[in-house]
Amino acid sequence: PSSMWRYKVACIVAVATATAPDGRGGGDPVPEEEREENAKRIPCPFLAGLYNEGILKPDEFGRVNSQHMKDAMVQAGSTVPNAVFPSFGTVRFTDEDIHQTKRHWDYGLVPSGFIEEFGLDQDFSNLWLNIMTMNVPDKCVDAAGHAEVPSKFPCNANPQHVQHGYSTTIRDPRYDSEDPTREKRFKDWIEPTLVVNKSLSEEKVMTFDGFVALARMAAEGDLSGEWSLKPHLEYEGSNVQHYHPHVTPPNALALYHWTAWLAWVGLWEAFGYPYPDGSDAKFMTESDLRRFMLEGKLPKTWSPKTFTLKDVGYTMIALKGHGIPSGDLYAEALKEHFPLSNWIPVAFSEWRYMNNYAATERSLGFFEDNIVNPMPKNNSAIVV
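This note's numbering applies: residue 103 is where the sequence shown begins, and numbers increase by one.
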């Protein structure tokens, strides 16, 4: 049988057998001061903002489950299908796997999200992700569960699974000792992308041109993720070659972009402001970017507004032709698979876009491998 049929059968089995995790996510919000300190650990500014806002509520270990992750994104304005895919792709560890040593697919998340669209509330998801141990120094270095940097949260055997193919270093704690406020990194990465445009805002803004310029991360950013290439886009000896050996080098060049684009474009669509001329163009303000990148907080004037997988997908396609190293390969793959091939009722179009987005990833070999790091042996050296 085809992989799609196996996927559908697995979904049906999950619906029949899965049980809802307690609390649909985790714990209660911690005091604000503690929350602000914990948020510094979260590399993703979107997740850090949701956590600081009290929308994401991890358990005592720092974990949220896939249903809660999806619900948090919906609360921030995402459509359900747009929230399902990143939750499905990242929240992949069982409740017992405290150090995240083996990944699974949460096939219950898709049907539970689908029936939610009809006003039904049934949670079939059962996997977890620790949002407090997503950085490289959170990696387990011995079987006792020590991390490179001691923490109150359990170490992560596989932080590369939640690192982007490439990223800025702004929220990377490895650089905090020399730049404790992270201002220097903000100045290096973000300020060159900002312009003065009084027709949009009294403060500096990032327009789409600046957003594209930020994609220089592809050539200059941190390369700690499982989809990372070596510097200068070299495939040999790269993380993607190690963790995804069945992905061909050309497809690896394309998939190098998927996590970074999905995250940054999602942030852009969720929190960008529309141009006053009524066009589809967006911009972000310097103050909002500072809150996201330096404080891990949502904009001061934030209120939820709908953002869709359709918008995210077509914005990623629009990145083609802007000189992003190897980026056109991914944009072209999306352009081939993502658009709807025939008319479909609006109520179901986002689900079809989700299916088409998954088809893009499948065509590039995304689902071929699932290589993980086991917990280190007892004789591993402890690095502190």
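Glycine residues also receive a C-beta, built at the ideal position from the N, C-alpha and C atoms.
| query | Cβ atoms of S189 and A372: under 9 Å apart, would you say? | reply | no
### Message
Would you call the region 346-363 in contact with the region 258-275, where contact means no fewer than 3 C-beta pairs closer than 8 Å?
### Response
yes
> So which of I233, H334, T196 and T387 has the shortest CA-CA distance to L296?
Replying inline: With respect to the C-alpha of L296, the residue from I233, H334, T196 and T387 having the closest C-alpha is T387.
- prompt: CB-CB under 6 Å to A174, same chain, minus the five flanking residues each way: which ones, in chain order?
  reply: Once the five neighbours on either side are set aside, the close Cβ partners of A174 are L152, I157 and L158.
Which ranges does the beta strand (DSSP E) cover as unbroken runs of at least 3 residues, wholly within the region 362-428, from first to last along the chain?
384-387
- prompt: Is A435 near W366, with beta carbons less than 9 Å apart?
  reply: no
Of the listed residues D197, D244 and C242, nearest to L231 (C-alpha basis)
D197
First and last residue of the alpha helix (DSSP H) that includes R464? V448 to S465
Practice problem: Report the partner residues of E336 according to the DSSP bridge assignment. | Solution: DSSP output for E336 lists K332 as bridge partner(s).
* Coarse secondary structure for K241, derived from DSSP in three states -> Reduced to three states, the DSSP call for K241 is strand.
> Counting along the chain, where does the beta strand (DSSP E) carrying L229 start and finish?
Replying inline: That residue, L229, is in no beta strand (DSSP E); it is neither H nor E in DSSP.
Fill in: Start-end ranges of the alpha helix (DSSP H) lying completely within the region 265-296, minimum 4 residues
285-291
Leaving out five residues before and five after H348 in sequence, what residues of the same chain have Cβ atoms less than 7 Å from its Cβ? G467, E470 and D471
Residues bridged to A249 [DSSP beta-bridge criterion]
C242
I want to know whether the region 278-298 touches the region 394-401 - three or more CB-CB distances under 8 Å.
yes
Compute the beta-carbon to beta-carbon distance between G421 and V314, rounded to the nearest angstrom, for a pair I have assumed lies under 8 Å. The identity of residue 421 in the sequence shown is Leu, whereas the question assumes Gly. Their Cβ separation, rounded to whole angstroms, is 7 Å, which keeps L421 and V314 in contact under 8 Å.
Next item on the list: Please classify A118: does DSSP put it in a helix, a strand, or coil?
Entry: Interpretation of A118 is limited by its pLDDT of 36, a score under 50 that renders its predicted location unreliable; the figure taken from the coordinates is listed afterwards. Reduced to three states, the DSSP call for A118 is helix.
Note to self: Rounded to whole angstroms, what is the Cα-Cα separation between L364 and P133?
What the structure shows: So the alpha carbons of these two residues sit roughly 31 Å apart.
Which one of A245, F187 and N258 has the shortest CA to CA distance from H201?
N258
Exercise for the section: Report the three-state DSSP secondary structure of F148 (helix, strand or coil). Expected result: helix
**Item:** Beta-carbon proximity check, R273 vs K142, cutoff 9 Å
**Value:** Against a cut-off of 9 Å, the Cβ pair of K142 and R273 comes out as a contact.
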